[in-house]
Structures are given as structure tokens and as C-alpha cells.
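Note sheet for the following structure.
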């Protein structure tokens, strides 16, 4: 395989099959995504003469036990501190890569949790090489079966117990009005909600209770200002801010909110501009005299402060009917017939043309499923969607060159099907954050997404060379890790959404509890010195301290 890459040190050849060959079954059974592929690609075998050896370090996941003071039956918490990022200088034909790691967390150890780095889950960080990654996998735990390192494992919080001295029903009922398809991703993929068709399909409606908060989801062309409940108290408005015409529609909704006389709190979830030009939203925020308590925003906006603005993942293309895939629906154990895939639009003067040139130069057309188009198409047909899903299912790497923004639907779609995204690590033009260490793709890097980062597509043959040396068993292990990481990531986004909702929308509900709690200065001091636990603890602590400062404390 490509002997000129390593001066003849690798002599294995990839199997030759292409998308249109007769042995590729075109029948896709979407309810059970994934099927056995009988063709055994020789890419899964080990190269015979490679001088590259893999190093398998073992790291520990630190645990800190914290006891929180009771806020009317507040429960104890286990806080899991993730290990730091792994750094590796990698080159084919060289010696063992040297790993270093920096400690993040307190030196307390839980023997039940083990974090290991194996060849199948290694993620290469680009310090000097062509690609990079962050990944870890967790050892055996009881619940859940897989625990990504970023997940704060905690006992179930029963928020009604915090306020049951005054409220005997739900904390609050929150309306979610979807005027952008990212609302479907929120409802079905993050919150795991179901919907039913109403009014002949003009409206999709769903209801779900999470931690004693009742969420009502409404989506569809039938959702306008006069058809939603006029007595709404708390609302999450899902809007599109990608273009001037979409922004104009979004402003109409925001300008109408004050007309709902009983409205007490509002949050916006915004599909932001791909250049991160979102300043038009600022006058609507409460800090500027507006009506919005908080905003979730897609892309690496510099507005994100985790106080009023929070970052949100782009997710899968729900508007193109990409399905909600459950981990058990994906075939992770069969050989996949291709090494990589790229199906996408070839934008003019983009690096996607460089990628196509590399694929042609190194003769990767038959080893990778490649299908480019010159014009972007907003919708998919049933046939093109099936072709796309089959490409992800039948390859272990999904190439993700930058388009209008580094973050794209393809990243999340690939992970849902166990294909590792190979992401071009380039900040696109505009006003997106380019100063922080984690830019671009701050959110994915913050939670250690198991993806490869590549600076230059001319490094792709080296990456494929490395991937070819993995055994089928190693690839199976990696697929499972990727799928389970994505599941854990969505669970974390769910907790973040609910936590911010509690703080921004239900803060008034906690007023009486906070005032009573503040009478005990010992408890206040304890929270001040020990309030750095999981996200929800931080949120509740900030609410309580806010009320304490407002009503009972000096300055």
C-alpha cells in the first residue's frame, strides 16, 4: 500500500470495491441501521513490514466525593474530574510516540473507574504532525455502562424536593416553540422526546417531563404568534439567524414576546450565523434591557460567556430527515468495505478541492467512497439520504473539510454511526473565536470528542496508513467508543439545557427557598467554599448566592 510513503516499509494493499459494485446491497433498513458487510476489506489487516509500534499508556480518572448541604433534601454528589488532553508527536516509520499528560483535577482516586488509551481509541493531537485528536474510554462501571470522562456522574436530582414546601406540582411548564429545524434535534436527539402530528401535519406536538419540569414542544408551519398558548409563562424559542431574511423573521418573534402578558422568562436557542455575526441579538438580552434571560448559540461565537450566552452543538441535519440513531441500531462488529468517505458540496476556492486532488493523486478513489457535487442542495431525496447513510456505515473514517464553517452536520452524523470524523482544523473567515486554545470547535474539544484533527489534507495518506494497521477488533472497539461518547455528549447537553432552564426560567421559584436558606450563614459559607461541583450544583449555588446577596448580605 503506497510504498512511496515510507520508502517501501508498508507492503499491504487495500481491497478494491467502489460504491456502484454489485456486491453492495442498496437496501437500507432504516429502523435497524447497520447491516453485515460480507466483503472483508484487507485494510483491516496489519501491515507486515511497518516499523511503527503503538504505545498503550494507562491513566486514571480522578474522583472527588462532595457532600452538599441539604436544600430540602439535596442529594450527595460524586464529581468526576476528567484527565487532561493527551499530546503525541506521531510519524510513520519512527519509534514509539512519546506521550505526556497534564493533571487536571484533584489527586483522589476511585479504583472502580479506569481510563485507558488503546490503539483503537487513540486520538492524535496535532502538535507537529498532520492530524490530532482527544479521546479516552472508561473502564467498567455499573451505571451507565460507558462513562465518557467529561460526564459528571451524579445521583438523580429531584428538583421538586427543593421547592415542595411551597409548590406541590411541577417546578414550571416550559414551552419550546421551534421555528428552526435545530429544534427537532433538541427535542428528539437531545431530550429524547416524541411528537405527534396535529392539524394535518401543520403542527408537531410533544410533551415530556424531565426532573419535574414539564416541556411542551411545538414545531411546524402552523406555529405562529397567534396559534401558540397565549398564557405562556416560560418559553424556549428556537430561531434561525443564518441569513438576513431569517434574522428578520426571528426579530418578529422576539418583538412579539412582550405581548404574552403572563410571560415570566424566555430563552432563545439560535442557529447562529456561520461567520458568528450575531450582535443583532444583544438588545434582546436582559442585561441590555431586553426580554431574554439566556441564549444558546451554535458555532464558536465570542459572545459565549456561560452566564448569559451558552454554546450549543449544531447536531445532525434534522431538516434533511437524518434519523435519530440509537447505539443498538448500529452494526459495529462487521467489516466495513471502505476506508473513508466524503459526500458533499465542492465550494469554489475551498480546501475541498485540495482534498479531491489528494485523493486523486494518491489513488484513493476506490478505497474511499467519494461523491462531490458543485451546488449545495438544501434537501435530500430518499435515495440520496440512503446513499449517504450507507457511506457512513460502510467506512471507518468520515472526511470533514471546512465549508462555510468548521462545524458541520457531518461530524455528528458520522459519530452516531460509529465512523470517526476527520475534521479540518481551520478557523473559517468571519468573527468566530480564533484566540482560545480550543478554537475552532470549542465545544467538541472541551468534552474530548473522539475525532481526528487535520491541518492540511496532504497529511491524509499518512492517517490512512495508520488506520490500515488496526485490526478488525481494534476498529470495533473504536466504533463502540465513538458511538458511546456521542451518546454521553448528548446526555450532557440535556443536563446543561435543563440546568440553564432552571436558572434562567425558574429562578423565581427558588426565591423563597433561597431566602430561608440564607438565614443559616454556616450553610452559605459552606457553599461559597465548596460550590465548584457538577454543573447543576453550580447553577443552584449561583441562584442561592444571588438571593442571599440581594436580600441578606452586605455589598
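In this note's numbering, the protein residues as written are 5 to 559.
The beta-carbon is built from N, C-alpha and C at its ideal position, and this holds for glycine as well.
Whole-Å CB distance - residue i paired with residue j, under 8 Å assumed
i	j	result
residue 334	residue 487	6 Å
residue 347	residue 392	5 Å
residue 291	residue 312	6 Å
residue 320	residue 420	7 Å
residue 508	residue 298	4 Å
residue 400	residue 423	6 Å
residue 217	residue 502	7 Å
residue 439	residue 303	That belief does not hold up - the Cβ atoms of residue 439 and residue 303 are roughly 15 Å apart, past 8 Å.
residue 480	residue 455	The Cβ separation is near 18 Å, so there is no contact.
residue 417	residue 396	6 Å
Own chain residues within Cβ distance below 8 Å of residue i, not counting five before or after
i	result
residue 355	405, 406, 428, 430 and 461
residue 295	258, 261, 262, 267, 270 and 288
residue 281	434 and 435
residue 357	350
residue 389	324, 325 and 326
residue 200	208, 209 and 210
residue 232	179, 181 and 222
residue 237	176, 177, 266, 267, 268 and 269
Start and end residues, alpha helix (DSSP H) containing residue i
i	result
residue 464	464–472
residue 4	Because the chain here runs from 5 to 559, residue 4 falls outside it and cannot be looked at.
residue 488	476–509
residue 329	Where residue 329 is concerned, there is no enclosing alpha helix (DSSP H), given that its DSSP letter is neither H nor E.
Close Cβ partners of residue i (< 6 Å) along its chain, the five nearest in sequence each way excluded
i	result
residue 464	362
residue 223	182, 187 and 208
residue 229	260
residue 239	179 and 270
residue 322	185, 188 and 189
residue 192	328
residue 214	502
residue 366	465
residue 484	336
residue 425	402, 404, 415, 418 and 455
Simplified DSSP state of residue i, which is helix, strand or coil
i	result
residue 342	strand
residue 421	coil
residue 295	coil
residue 259	helix
residue 243	strand
residue 254	helix
residue 351	coil
residue 430	coil
residue 188	helix
residue 415	helix
residue 400	strand
residue 214	strand
residue 194	helix
residue 249	helix
residue 290	helix
residue 229	coil
residue 149	Residue confidence is low: residue 149 scores 36 on pLDDT, short of 50, so the model does not pin down where it sits. No coordinate-derived value is stated.
Residue span of the beta strand (DSSP E) that contains residue i, given as start and end
i	result
residue 365	No beta strand (DSSP E) contains residue 365, which is instead part of the alpha helix (DSSP H) from 355–365.
residue 270	269–275
residue 446	Careful: residue 446 lies outside any beta strand (DSSP E), inside the alpha helix (DSSP H) at 446–450.
residue 316	313–316
residue 456	456–458
residue 217	217–223
residue 377	372–377
residue 206	Taken as a continuous stretch (DSSP letters only), residue 206 belongs to no beta strand (DSSP E), as it is neither H nor E.
residue 182	176–182
Close Cβ partners of residue i (< 7 Å) along its chain, the five nearest in sequence each way excluded
i	result
residue 498	194 and 195
residue 234	264
residue 226	203, 206 and 207
residue 374	346 and 363
residue 307	282, 301 and 313
residue 432	406, 408, 409 and 410
Closer than 8 Å to chain C by CB, residue i
i	result
residue 489	Absent here is chain C; the protein component of the structure consists of one chain.
Query raised in the report: Just checking, does the segment 181–191 make contact with the segment 312–321 on the three C-beta pairs under 8 Å criterion?
Result: yes
Report task. Taking 8 Å as the threshold, find out whether the segment 235–249 comes into contact with the segment 273–288 through three or more Cβ pairs. Result -> yes
Query raised in the report: Given 8 Å as the limit, is there contact between the segment 434–446 and the segment 338–355, that is, 3 or more CB pairs closer than that?
Result: Per the Cβ contact rule, the segment 434–446 is not in contact with the segment 338–355 (fewer than 3 Cβ pairs under 8 Å).
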